[in-house]
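Numbering (this note's numbering), first residue to last: 884 to 1244.
Think of the CB as a built atom: it goes at the ideal place given N, C-alpha and C, for glycine as much as any other residue.
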Ligand code: B12
Ligand code: SF4
Ligand code: SF4
């Protein structure tokens, strides 16, 4: 069907309303070309900042041209979905006996929910314009989601590299619909409102930023606790504190996150009180409990061994309370070599704290 430009402007406005009624916080439209990002992206890869995330180095040029990933794509619809539940954030970081899990991961895994919603949006559009080609993505394909969102006018890329805007901060997920419809594009977000602020760079516990807008992912706690298998480099263990899955510090202390509304998605409500969980209790979960309690959640993807590894580090960063020492000693014999090494590191630190001697980092 050939639609007139005027119709498409009207349809886009109705599509925007529909997106909001489906629970998205905002929607914008952009074209297929993000090749302006290629030199920056390639330089980032060349420095090895992606660590073991080989998927970022794969897929050739598909990331920079939407129509190379999905042939015939003419417009990209970009959406954002607020996820911050009504829970504590920075307050928890001062309680080493409690585990800090990134606030995005406390409820249902967002990937499926986002894609399902995007397909609902596409089906609505199909009812209006007739059959058209589309594909829905949310963190599931070689898409430069942040550059796409900025180009679609949803916000600016902050110095912490996340997309944020003045009404919501950055506590939202991004998703896209690639379509073969030629929808009128929105103006890109031209101004960024970070100004002279550098708070995100200053508060990062592991100093993972090499400068504004550039992150060495290998040092980021999110990478270390979720994406990285194997031992956590020793110098980065102490700064991890009680963060056992992901990290939010660069968002928590950003002045724009003062304006973040709490999510309206019931699916993002924290499960099993994981927003305030006791570290020792989590460490004592056996594998069956881990699998059962994390079913349908992003946390499950890190795997049980990495879960225990992360908890061992966080226990070592806590106080030498008897329950922590006992739990570490009790579980040690049944753990893998990798986890045992992290338990030994933790026990050594806790012993040093008991004796008041400096611990090795
Ligand atoms: C790999 C990845 C990670 C890695 C690397 C992060 C990174 N900064 O690259 C790790 C595991 C560390 C990570 C962590 C997190 N992630 Co992540 N991650 C991704 C993923 C899969 C790819 C990102 C990527 O391509 N990185 C490579 C770098 C080089 O690209 P880039 O930062 O996008 O930058 C490009 C452009 O934006 C542009 N650019 C960037 N800055 C600037 C500045 C200027 C001035 C200009 C002109 C251009 C420009 O140039 C770059 C090169 O092309 C995306 C999903 C996706 N497909 O996009 C989610 C994604 C970025 N992650 C997300 C989230 C929520 C997180 C965490 C908050 C999770 C947590 N709480 O633990 C943290 C935040 C850490 C941080 N400060 O980035 C969300 C971000 C949503 C948002 N509001 O922006 C995404 C979009 C997933 C989603 N669908 O919602 N993540
Ligand atoms: S998520 Fe945490 S570790 Fe990663 S860049 Fe942000 S503050 Fe640093
Ligand atoms: S903390 Fe400051 S520099 Fe960082 S993203 Fe927020 S406003 Fe920008």
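Considering only the beta carbon of each residue, do residue 1130 and residue 1104 sit closer than 9 Å? Walking along the chain shown from the start, residue 1130 turns up at place 247. Walking along the chain shown from the start, residue 1104 turns up at place 221. Yes, Cβ-Cβ distance for residue 1130 and residue 1104 is below 9 Å.
Could you tell me which residues DSSP pairs with residue 1019 in its beta bridges? Taking the first residue of the chain shown as 1, we reach residue 1019 at position 136. Answer is 1060, bridged to residue 1019.
Closest Cα partner of residue 1114 within the set 1088, 1016, 1214, 1228: In the chain shown, counting from the first residue as 1, residue 1114 sits at position 231. When each option's Cα is compared against that of residue 1114, the closest is 1228.
In the DSSP assignment, find the unbroken alpha helix (DSSP H) run with residue 1094 in it and report its ends. Position 211 of the chain shown holds residue 1094. Segment 1092-1094 is the beta strand (DSSP E) holding residue 1094; no alpha helix (DSSP H) there.
Return yes when the Cβ of residue 1190 is within less than 9 Å of the Cβ of residue 1048, no when it is not. Residue 1048 sits at position 165 when you count from the first residue of the chain shown. Residue 1190 sits at position 307 when you count from the first residue of the chain shown. Cβ atoms of residue 1048 and residue 1190: not closer than 9 Å.
Using only alpha-carbon positions, find the residue among 976, 1060, 908, 962 that is nearest to residue 1016. On the chain shown, position 133 is the one that residue 1016 refers to. Considering only alpha carbons, the answer is 1060.
If you reduce the DSSP assignment to three classes, tell me which class residue 966 lands in. Within the chain shown, residue 966 is the residue found at index 83, counting from 1. Three-state DSSP puts residue 966 in coil, outside helix and strand.
Report the three-state DSSP secondary structure of residue 1002 (helix, strand or coil). For the purposes of this step, residue 1002 is identified with residue 119 of the chain shown, where counting begins at 1. Note: residue 1002 maps to helix in three-state DSSP.
Check each residue's C-beta against every heavy atom of ligand 3 and list, in chain order, those closer than 5 Å. 1041, 1042, 1043, 1077, 1080, 1082, 1083, 1137
With DSSP as the reference, please indicate the residues paired to residue 978 in a beta bridge. On the chain shown, residue 978 is found 95 positions in, with the first residue counted as 1. Looking at the DSSP assignment, residue 978 forms no beta bridge with any residue, so it has no partner.
Should residue 1058 be listed as close to ligand 5, given that the test is whether its C-beta is under 8 Å from any heavy atom? Among the ligands in the structure shown, ligand 5 does not appear; only ligand 1, ligand 2 and ligand 3 can be found there.
CB of residue 1121 within 9 Å of CB of residue 1162, strictly: Start at 1 with the first residue of the chain shown, and residue 1121 comes out as number 238. Start at 1 with the first residue of the chain shown, and residue 1162 comes out as number 279. Not a contact, by the Cβ cut-off of 9 Å.
Count the CB pairs spanning the segment 1148-1157 and the segment 959-978 that are closer than 8 Å, and state whether there are at least three. yes
Since I believe residue 1071 is in contact with residue 895 (beta carbons under 8 Å), could you give me their beta-carbon distance rounded to a whole number of angstroms? In the chain shown, residue 895 corresponds to position 12, counting from 1. In the chain shown, residue 1071 corresponds to position 188, counting from 1. Actually they do not touch by this definition, with Cβ atoms about 16 Å apart.
Secondary structure at residue 904, three-state DSSP: helix, strand or coil? Start at 1 with the first residue of the chain shown, and residue 904 comes out as number 21. Helix, per DSSP.
Can you tell me which of the three DSSP states residue 894 falls into? Here residue 894 is taken as the residue at index 11 of the chain shown, counted from 1. If DSSP states are grouped into helix, strand and coil, residue 894 belongs with the helices.
Endpoints, beta strand (DSSP E) assigned at residue 911: For the purposes of this step, residue 911 is identified with residue 28 of the chain shown, where counting begins at 1. Here the beta strand (DSSP E) through residue 911 covers 909-913.
Cβ distance (whole Å) where residue 981 is taken to contact residue 1125 below 8 Å: In the chain shown, the residue the question calls residue 981 occupies position 98. In the chain shown, the residue the question calls residue 1125 occupies position 242. Indeed they touch by this definition, with Cβ atoms about 6 Å apart.
According to DSSP, simplified to helix, strand and coil, what is residue 939? On the chain shown, residue 939 is found 56 positions in, with the first residue counted as 1. Residue 939: helix per DSSP, three-state reduction.
With respect to the alpha helix (DSSP H) encompassing residue 1166, which residues constitute its N-terminal and C-terminal limits? Residue mapping note: residue 1166 aligns to position 283 of the chain shown, counting from 1. That run of the alpha helix (DSSP H) goes 1162-1166.
What are the start and end residues of each continuous alpha helix (DSSP H) run of 4 or more residues lying completely inside the segment 1100-1165, in chain order? 1117-1120, 1132-1135
Would you mind sorting residue 1142 into buried or exposed? The rule is 16 or more other CB atoms within 10 Å of its CB. Looking up residue 1142 in the chain shown gives position 259. With fewer than 16 other Cβ atoms within 10 Å, it is exposed.
If you run the structure through DSSP and keep just helix, strand and coil, what is residue 1055? Here residue 1055 refers to the residue found at position 172 when the chain shown is read from its first residue. Residue state, collapsed to three classes: strand.
Does DSSP classify residue 884 as helix, strand or coil? The count along the chain shown starts at 1 and reaches residue 884 at position 1. Caution applies to residue 884, whose pLDDT of 49 falls short of 50 and renders its modelled position unreliable; the value that the coordinates give is listed next. Correct three-state label for residue 884: coil.
Give a yes or no on whether the C-beta atoms belonging to residue 1147 and residue 1037 are separated by under 9 Å. In the chain shown, the residue the question calls residue 1147 occupies position 264. In the chain shown, the residue the question calls residue 1037 occupies position 154. In this structure, residue 1037 does not lie closer than 9 Å to residue 1147 by Cβ.
Compute the distance between the beta-carbons of residue 993 and residue 1021, then report whether it is under 9 Å. Numbered from its first residue, the chain shown carries residue 993 at position 110. Numbered from its first residue, the chain shown carries residue 1021 at position 138. Closer than 9 Å, so yes.
Rounded to the nearest angstrom, what separates residue 979 and residue 931 at their Cα positions? By 1-based counting over the chain shown, the position of residue 979 is 96. By 1-based counting over the chain shown, the position of residue 931 is 48. Approximately 32 Å, taken between the alpha carbons.
Which residue from 1054, 996, 1097 puts its Cα closest to that of residue 1043? Residue mapping note: residue 1043 aligns to position 160 of the chain shown, counting from 1. With distances taken between Cα atoms, residue 1043 lies closest to 1097.
Sort 958, 1024, 1160 by Cα distance to residue 940 and report the nearest one. The residue given as residue 940 occupies position 57 in the chain shown. Per the Cα distances, 1024.
I need the straight-line Cα distance from residue 908 to residue 1222, nearest angstrom please. Start at 1 with the first residue of the chain shown, and residue 908 comes out as number 25. Start at 1 with the first residue of the chain shown, and residue 1222 comes out as number 339. Cα to Cα, residue 908 sits roughly 41 Å from residue 1222.
For residue 1048, does the three-state DSSP call read helix, strand or coil? As a first step, residue 1048 is located in the chain shown; it is residue number 165 there, counting from the start. Residue state, collapsed to three classes: strand.
Going by beta-carbon coordinates alone, are residue 1046 and residue 949 separated by less than 9 Å? Translated into positions along the chain shown, residue 1046 becomes position 163. Translated into positions along the chain shown, residue 949 becomes position 66. Taking 9 Å as the Cβ cut-off, residue 1046 and residue 949 do not qualify as a contacting pair.
Can you give me the start and stop residues for the alpha helix (DSSP H) that residue 1199 sits inside? Residue numbering aside, residue 1199 sits at position 316 when the chain shown is read from its first letter. Its alpha helix (DSSP H) spans residues 1187-1199.
Contacting residues, own chain, Cβ-Cβ under 7 Å from residue 1003 (five flanking each side not counted): Position 120 of the chain shown, counted from the start, is the residue given in the question as residue 1003. So the qualifying residues of the chain are 905.
Per DSSP, what kind of secondary structure is residue 959 in: helix, strand or coil? Position 76 of the chain shown, counted from the start, is the residue given in the question as residue 959. In the structure shown, residue 959 sits in a strand (DSSP, three-state: E or B).
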